[in-house]
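Numbering (our numbering), first residue to last: 134 to 270.
Here a beta-carbon is modelled for each residue, glycine too, at the ideal position from N, C-alpha and C.
This one's a predicted model, so the numbers in the text were calculated from it and none came from an experiment.
Okay, structure first, notes after.
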């Protein structure tokens with residue numbers, strides 16, 4: 134079994150955002166790249182996302198949001214993971230996120246933010262760099 138096959142990634146859509154084309158694309162592309170991917174579907178609460186992440190024993194949680202609530206919802210997922218002693222799960226995000234919000238999200242524990250148009254290869258490189266560095270286990 135290759136290292137990629139051991140990596141489990143949860144892709145989630147927090148909040149009331151009903152658009153999931155980008156999240157589905159990322160989930161499919163990561164699956165095609167050899168990772169095991171779980172997709173939650175739309176309109177998930179941070180609590181539900183964390184519960185699923187723990188149940189599925191993932192190493193990464195990818196959050197996708199277009200509605201503008203990223204400053205509230207992304208840090209909440211990180212906080213809940215830490216409270217559940219799962220702070221080693223790497224959280225990354227994507228969607229319509231203004232450049233000026235990215236530093237605050239990173240300060241809150243979101244490891245990376247991928248805006249629209251980011252090549253999937255950049256997401257794969259991020260996952261691989263975290264895995265090689267031992268950020269996820």
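Among the options, nearest to residue i - alpha-carbon criterion
i: residue 237; options: 207, 168, 263 and 183; result: 207
i: residue 196; options: 160, 169, 263 and 164; result: 160
i: residue 162; options: 267, 253, 243 and 182; result: 253
i: residue 185; options: 217, 155, 204 and 154; result: 217
i: residue 220; options: 199, 190 and 198; result: 190
i: residue 154; options: 198, 193 and 213; result: 198
Helix, strand or coil at residue i [DSSP, three-state]
i: residue 141; result: strand
i: residue 149; result: coil
i: residue 192; result: coil
i: residue 199; result: coil
i: residue 158; result: helix
i: residue 224; result: strand
i: residue 270; result: The pLDDT assigned to residue 270 is 46, lower than 50, so where the model puts this residue is not dependable, and the model offers no usable value.
i: residue 255; result: helix
Cα-Cα separation between residue i and residue j, rounded to whole angstroms
i: residue 188; j: residue 234; result: 30 Å
i: residue 201; j: residue 167; result: 31 Å
i: residue 232; j: residue 251; result: 13 Å
i: residue 149; j: residue 174; result: 11 Å
Residue i classed as buried or exposed, judged by whether at least 16 other C-beta atoms fall within 10 angstroms
i: residue 179; result: buried
i: residue 258; result: exposed
i: residue 145; result: buried
i: residue 245; result: buried
i: residue 255; result: exposed
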